[in-house]
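Asker: Under my numbering, think of the first position of the sequence shown as 2, with each following residue one higher.
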Amino acid sequence: PKGGPAPAETASVHAGGPGALLSDGPFEGEVTFHIVKGSQTGDATYRIKGGRVRLDIGPNGSAPGGAVVYDADKNRGALLKADGSVAALIGSGERPAERPPSRAKIERTGKMDVVSGYGCELWNVVDESGKKSEACVVDGVSFASEYTQLVTWLPTGKFFLLRVVERDSTGGEATRIEVTKVEKHTVADTLFQFADTK
2 PKGGPAPAET ASVHAGGPGA LLSDGPFEGE VTFHIVKGSQ TGDATYRIKG
52 GRVRLDIGPN GSAPGGAVVY DADKNRGALL KADGSVAALI GSGERPAERP
102 PSRAKIERTG KMDVVSGYGC ELWNVVDESG KKSEACVVDG VSFASEYTQL
152 VTWLPTGKFF LLRVVERDST GGEATRIEVT KVEKHTVADT LFQFADTK
C-alpha cells in the first residue's frame, strides 16, 4: 500500500534507486511534488534538463504566470514574468562556494519505503534549529546537487528527497512534501532561456 513499509523484495528491486529513470546519467523530464502545509495544498512541477531546472509559478506566486529558471553549472538563473522578461537575476554566474558540512543530526534507519514506485531510505532528522523531520531519501540522483541547495541539512552528494514531513513543536505534522510523479521525456531548451544582462 502507498506510504506503507516496502516488502524486502520490493525494496531491493527499487534500491538501485530511482534506477534507470533517475540515476543513469543526466536526467531530462519532470518531477511533480504535492505539498501540504496546514490547510493549504498544492502541486509544484520541476522541469529538469541536466543541471538546468525550471519551476512554473502559479497565480498566487511572486511573479504570477511566470517561472524560476536556474542553471547549476553556471550558478545563474532568473525570475521570469509571464511574458518571459526578467524580473530578477539569481546567482553570481561564478562557481558557487562549497557548502559547509551540515550540523543537523541525521539518523539513517536502514528501513526502506516506496514513494511513487521508487525505493527510498527512511531518515530521522533534527536540524540546527531543533526542528524535527522524517524523510525518505534516495541516493545516486544526478540532478540532486541542484536540489540540495534548497535543503540545507542534506549531506553533500546525490541525495534526493522523495518525501519529507516536517514536525511542529508538539510533534504534529506541519508540512508534507512528496513526489507524486516522475516523467522522463525531452524538455525544450527554450524553457530555460532568459536574457542575462550581466
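No residue lacks a Cβ here, since even glycine has one placed at the ideal position from N, Cα and C. Predicted model only: the values in this text are computed from it and were never measured.
Classify Gly59: buried if its beta carbon has 16 or more other beta carbons within 10 angstroms, exposed otherwise.
Answerer: Gly59 comes out exposed.
Asker: Indicate the three-state DSSP secondary structure (helix, strand or coil) for Thr201 in the structure shown.
Answerer: Nothing in the structure corresponds to residue 201, since the chain is present only between 2 and 199.
Asker: Hey, is the segment 29–39 in contact with the segment 170–181, meaning 3+ C-beta pairs nearer than 8 angstroms?
Answerer: Touching, yes, given that three or more Cβ pairs across the two stretches are closer than 8 angstroms.
Asker: Threshold first: 3 residues or longer. Then list the beta strand (DSSP E) segments lying entirely within the segment 36–90, N to C.
Answerer: Runs of the beta strand (DSSP E) inside the segment 36–90: 41–50, 53–57, 68–72, 77–81.
Asker: Excluding the 5 residues preceding and the 5 following Gly78 in the sequence, name in chain order all residues of the same chain whose CB lies nearer than 7 angstroms to its CB.
Answerer: So the list reads Val69, Val70, Tyr71, Asp72, Ile91, Gly92, once near-sequence residues are dropped.
Asker: Could you give the distance in angstroms between the alpha-carbon of Ser40 and the alpha-carbon of Gly52?
Answerer: Approximately 33 angstroms between the Cα atoms of the pair.
Asker: Between which two residues does the beta strand (DSSP E) harbouring Thr187 extend?
Answerer: Neither: Thr187 is in no beta strand (DSSP E) and is coded neither H nor E.
Asker: If you draw a straight line from the C-alpha of Glu31 to the C-alpha of Asp197, how long is it?
Answerer: Spanning the two alpha carbons is a distance of roughly 25 angstroms.
Asker: For Glu31, name the three-state secondary structure that DSSP assigns.
Answerer: Here Glu31 sits in strand by DSSP.
Asker: Cutting at 6 angstroms between CB atoms, please list the residues of its own chain near Thr1, excluding the five before and the five after it.
Answerer: For residue 1 there is no data in the structure shown, the boundaries of the chain being 2 and 199.
Asker: Return helix, strand or coil for Leu22, following the three-state DSSP convention.
Answerer: Low per-residue confidence applies at Leu22: pLDDT is 48, beneath 50, and the placement is therefore not dependable enough to give any value.
Asker: Locate the beta strand (DSSP E) running through Phe161, then write down its first and last residues.
Answerer: First-last of the beta strand (DSSP E) with Phe161: 161–168.
Asker: Could you give the C-beta distance for Phe161 and Val139, rounded to a whole number, given that I count them as a contact under 8 angstroms?
Answerer: Sure, about 5 angstroms apart at Cβ, within 8 angstroms.
Asker: Comparing alpha-carbon positions, which option in Phe28, Thr42, Gly43, Gly67 lies nearest Ile49?
Answerer: Of Phe28, Thr42, Gly43, Gly67, the residue nearest in Cα terms is Phe28.
Asker: Considering only the alpha carbon of each residue, which of Lys133, Gly85, Ala45, Phe195 lies closest to Gly172?
Answerer: Measuring from the Cα of Gly172, the nearest candidate turns out to be Lys133.
Asker: Give me the Cα-Cα distance between Thr191 and Arg164, rounded to the nearest whole angstrom.
Answerer: Their backbone Cα atoms lie some 30 angstroms apart in a straight line.
Asker: Check the DSSP bridge columns for Glu122 and list the partner residues they point to.
Answerer: DSSP lists Met113, Val138 as partners of Glu122.
Asker: Excluding the five sequence neighbours on either side, which residues of its own chain have a C-beta within less than 8 angstroms of the C-beta of Ala45, listed in chain order?
Answerer: Thr33, Phe34, Ile36, Leu56.
Asker: CA-CA distance, Phe195 and Gly120?
Answerer: The alpha-carbon atoms of Phe195 and Gly120 are separated by roughly 36 angstroms.
Asker: Decide if Asp114 is buried, meaning its Cβ has at least 16 other Cβ atoms within 10 Å, or exposed.
Answerer: The residue is buried, with at least 16 neighbouring Cβ atoms inside 10 Å.
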